[in-house]
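Note sheet for the following structure.
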Amino acid sequence: MPRQYTRKTTWGKTPLEEMESAATEVKEGKKSIRAAARDRNIDKSSLLRFIKKKEKGNVKSVAWGAVAEAKRIFTDEMEEELAKHLKQLAEQFHGLHPVKCRQLAFEYAEKNNIPVPANWKKTQCAGEDWFGSFLARRHLSVRTPEATSLGRATAFNTTTVGEFFDNLAVVMDRHTFPPHMIYNVDETGVFTVQKPQQVVTEKGKKQVGSVTSAERGELVTVVCAVNAAGNATPPMFIFPRVKFKDCFMIGAPPGAKGTSTRTGWMNEDTWAEFLDHLIQHTNCTPDHPMLLILDNLKAHISLKAVEIAKSNGIVLLTLPPHTSHRMQPLDVTVYGPFKTQYSRALDGWMRSNPGKTVSIYQIAGLVNEAFMSAVTPRNITSGFRSTGIFPYNRDTFPDKAFAPSMVSDRPNPELQPATANDPDGPSPADEPPADAPPAADNSLTDANPSTAHGPHGCASPADSDVPCVPSQPGYVSPREILPLPKCPPRTQTKRKRVKTAILTDTPEKQAIEKAYKERQKKLAGKKQNSKEKGKPKKKATKKKIIVSSSEESDVPVPIDNVSDEESSEDERSDPGNTDLSVGDFVIVNFATKLRSVRYIGMVEKVEDDEILAQFLKRIQGNTKEWERPTFAIKENDVGHVPKSDVVKKLPQPKRPGGTTRREQLLIFPCNLQGWNVE
């Protein structure tokens, strides 16, 4: 029998009102049964049966009533309790896989001595047909969940949300901000590679492709600010470049600002630039203040940014950590449509320019198309309204929205007094409530769940054949078989919890200033320790070599053998750093987190603040490799280097000559020992 039975006749489909009218005509003698059935397109046997049923009593349905119910494994009450438990698990982001649900249903039946089909016992889980019908009867469906981090799932709780709305009420009562002066700011990343849209293709094809510029692409950060009145300020772009160029902003939205960093991410300096950009477009002053709601990014809570905001009348209010997906208007209703429109614009550009790839030079124009389509007053005002920021509504989130955080709910140890007899013993809050179900082991992993006993003493099918129902004392509920997830007690930690705060208030500003000074003092101490640790035991001296004029061309010229710290101090005063020309050979310093690495490069182009260099690779194996350092040009190793990273300018190398391979070698007439040249 199919799971979805399809009717093949129309018996019992005639409306009740139509049958009532036909029966009335027959009863009053206006028409015969055959004539009334023919005029109303009703089967005469059905009409005759309806008239007889009506003479016996009140008729509520036209269809034939069955004398017996379909055979069911669980009662309606038991199915409803099982469905309720599955919904609670899904609300707490711990939903079960369909196979796990079928195993739970089988164990539910076994624990309560309910007879099950033989194939259930063979597979130790409920059948697929029963599971499909169960989903249809209880309005359930199988969905693919969205991956949510544990931090976001547990951080969005009533306590943190209540703290934010308390701070919001404080600043609203203090300043009475109009809607056009309540702003939300956030960053989002756009890539040169789009997410492909759906396309029409052959049915049944296993793999469908869509062209993109690259595998991963480059990231450009876009910073947007919107207010509760539905308006948006021009965005700011952060490009992944050392030096910003005006050509990056071709096609950008009018009034947009551009800057650059090495990574393309927001930092303290770029955040200060954006605050100046925001002040310019909002005209906020201490007499006309503005509320700015933002997340807890490290750059946002810097001392420099707080001082700029306070001096210009900006009140900074931070969101609780890991809650921006539910409480930040830009994340809730703006950036979703924006990313969709951006992918559509990027896909259109790829189709209009076949054979070309998207670079950061086209990003601003593509963002402009998406910005005009997605950052609309309807989307912006909807975000402020749905998050409860404006109009102010601290009850905007239903109780079900906080269900995932119930997994980590624990009693506050500061509010739990110790008992008189045992101060170190467990507090009353640690004990389970009186109405809570008793603890039970997770029997889904037992080797033989059919032999287990319920916590209330319900016998297994081997001991008794009497089914257990919810009204009996031996009944075992699904929650007792598979309890709701609960975190263990939290261990003590010295780490201070980050929470929502009004950064421009004096206590918060003083705390930020204190943390900044401690951080600077700690960094200074680390720098001093690294200098003392890196000092050589013996001070290196210069070597003076006297050679005859005939041997002058073959003897290397010594370069000062100095340590890294001494060379870093000397390189600022080296006149060769600024007097560079094409064809010169220089030592370039590349600083990493752990150490500094130096390479030799040949200058190919000299610009204002940087050079374009072709880098060399050192040839090892020579017994006198430092006295006669030998290098070779490394192909496809070209890069832009700031002039400040140039350490030394070297003399012109010599080519040994001879074979073709030796002609490609470069021997420098100097001693590079101690310079750590790679």
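Per the working numbering, the sequence shown starts with residue 1, numbered consecutively. The C-beta atom is built at its ideal place from N, Cα and C for all residues, glycine as well.
Residues in the same chain with beta-carbon distance under 8 Å from residue i, minus the five sequence neighbours each way, listed in chain order, please.
i      : result
Ala214 : Thr192, Val193 and Thr357
Cys247 : Tyr361
Gln528 : none
Val710 : Lying before the first or after the last residue shown, residue 710 is absent from the chain, which here runs from 1 to 678.
Phe590 : Ser596, Val597, Arg598, Tyr599 and Asp645
Tell me which residues share the same chain as residue i and place their Cβ nearer than 7 Å to its Cβ, disregarding the 5 neighbours each side in the sequence.
i      : result
Cys125 : Val99, Arg102, Gln103 and Phe106
Asn267 : Thr261 and Ala299
Ser343 : Gln194, Lys195 and Gln197
Ala345 : Leu366, Glu369 and Ala370
Met406 : Gln92
Gly95  : Leu89 and Pro145
What are the boundary residues of the alpha helix (DSSP H) that includes residue i?
i      : result
Arg385 : Pro377 to Ser386
Val306 : Leu303 to Ser311
Ile481 : Pro478 to Ile481
Leu150 : Leu150 to Ala155
Tyr342 : Tyr335 to Ser352
Ser359 : Where Ser359 is concerned, there is no enclosing alpha helix (DSSP H), given that its DSSP letter is neither H nor E.
His85  : Asp76 to Glu91
Gln328 : That residue, Gln328, is in no alpha helix (DSSP H); it is neither H nor E in DSSP.
Met172 : Thr158 to His175
Gln103 : Pro98 to Lys111
Phe134 : Glu128 to Arg137
Ala118 : Ala118 to Thr123
How is the beta strand (DSSP E) around residue i delimited, first residue to last?
i      : result
Arg655 : Neither: Arg655 is in no beta strand (DSSP E) and is coded neither H nor E.
Val220 : Leu219 to Asn227
Arg495 : Element bounds for Arg495: n/a, residue is neither H nor E.
Arg618 : Glu610 to Arg618
Once you ignore the five residues that flank residue i on each side, which residues in its own chain have a CB closer than 6 Å to its CB?
i      : result
Arg618 : Phe631
Lys187 : This sequence places Glu at residue 187; Lys is not what is there. Taken in chain order, the residues that qualify are Thr221, Val223 and Met266.
Pro329 : Asn184, Gly383, Phe384 and Thr387
Ala232 : Val226 and Val375
Starting from residue i, follow its DSSP beta bridges and name the residues at the other end.
i      : result
His288 : Thr285
Thr630 : Ile667
Met236 : Val223 and Lys257
Leu317 : Ile293 and Ile502
Met406 : Met406 is not bridged to any residue.
Asp186 : Cys224
Val586 : Gly601 and Lys649
Val606 : Ile611
Pro642 : Glu610
Ser596 : Ala591
Phe191 : Leu219
Val677 : Arg598
With a threshold of 7 Å, establish whether the CB of residue i neighbours any heavy atom of the ligand COA.
i      : result
Thr357 : This structure does not include the ligand COA; it has no bound ligands of any sort.
Exercise. Between the segment 252 to 259 and the segment 295 to 313, do three or more beta carbon pairs fall short of 8 Å?
Worked result: Verdict: no, contact absent.
Exercise. Do the segment 198 to 212 and the segment 223 to 233 make contact, defined as three or more Cβ pairs closer than 8 Å?
Worked result: Under the three-pair Cβ rule at 8 Å, the segment 198 to 212 does not count as touching the segment 223 to 233.
Exercise. Taking contact to mean at least 3 C-beta pairs separated by less than 8 Å, is the segment 279 to 287 in contact with the segment 308 to 323?
Worked result: Contact annotation: the segment 279 to 287 touches the segment 308 to 323, with at least three C-beta pairs closer than 8 Å.
Exercise. With a cut-off of 8 Å, do at least 3 Cβ pairs link the segment 283 to 295 to the segment 116 to 132?
Worked result: Touching, no, given that fewer than three Cβ pairs across the two stretches are closer than 8 Å.
Problem set entry | Segment contact flag, the segment 149 to 157 with the segment 318 to 334, C-beta cutoff 8 Å, min 3 pairs | As far as the Cβ criterion goes, the segment 149 to 157 touches the segment 318 to 334, which means the pair count is three or higher.
Exercise. Are the segment 578 to 587 and the segment 606 to 613 touching by the rule of at least three beta carbon pairs closer than 8 Å?
Worked result: Yes, the segment 578 to 587 touches the segment 606 to 613.
For this session: Go through the segment 2 to 47 residue by residue and report every complete run of the alpha helix (DSSP H) that reaches 4 residues or more, in order.
Result: For the segment 2 to 47, whole alpha helix (DSSP H) runs of length 4 or above, ordered along the chain, are 16 to 27 and 33 to 39.
Exercise. Do the segment 387 to 400 and the segment 165 to 172 touch if we need at least three Cβ pairs shorter than 8 Å?
Worked result: Contact between the segment 387 to 400 and the segment 165 to 172 is present, because at least three Cβ pairs lie under 8 Å.
Problem set entry | the segment 81 to 92 touching the segment 475 to 489, judged by at least three CB pairs closer than 8 Å | Contact holds between the segment 81 to 92 and the segment 475 to 489, because three or more Cβ pairs, one in each stretch, are under 8 Å apart.
For this session: Indicate whether the contact test is met: 3 or more Cβ pairs, each with one atom in the segment 633 to 647 and one in the segment 591 to 609, closer than 8 Å.
Result: Using a C-beta cut-off of 8 Å, the segment 633 to 647 makes contact with the segment 591 to 609, since at least three inter-stretch Cβ pairs fall below that distance.
For this session: Tell me, please, whether the segment 371 to 385 touches the segment 334 to 341 by the rule of three or more beta-carbon pairs shorter than 8 Å.
Result: Counting C-beta pairs closer than 8 Å gives three or more between the segment 371 to 385 and the segment 334 to 341, which meets the contact rule.
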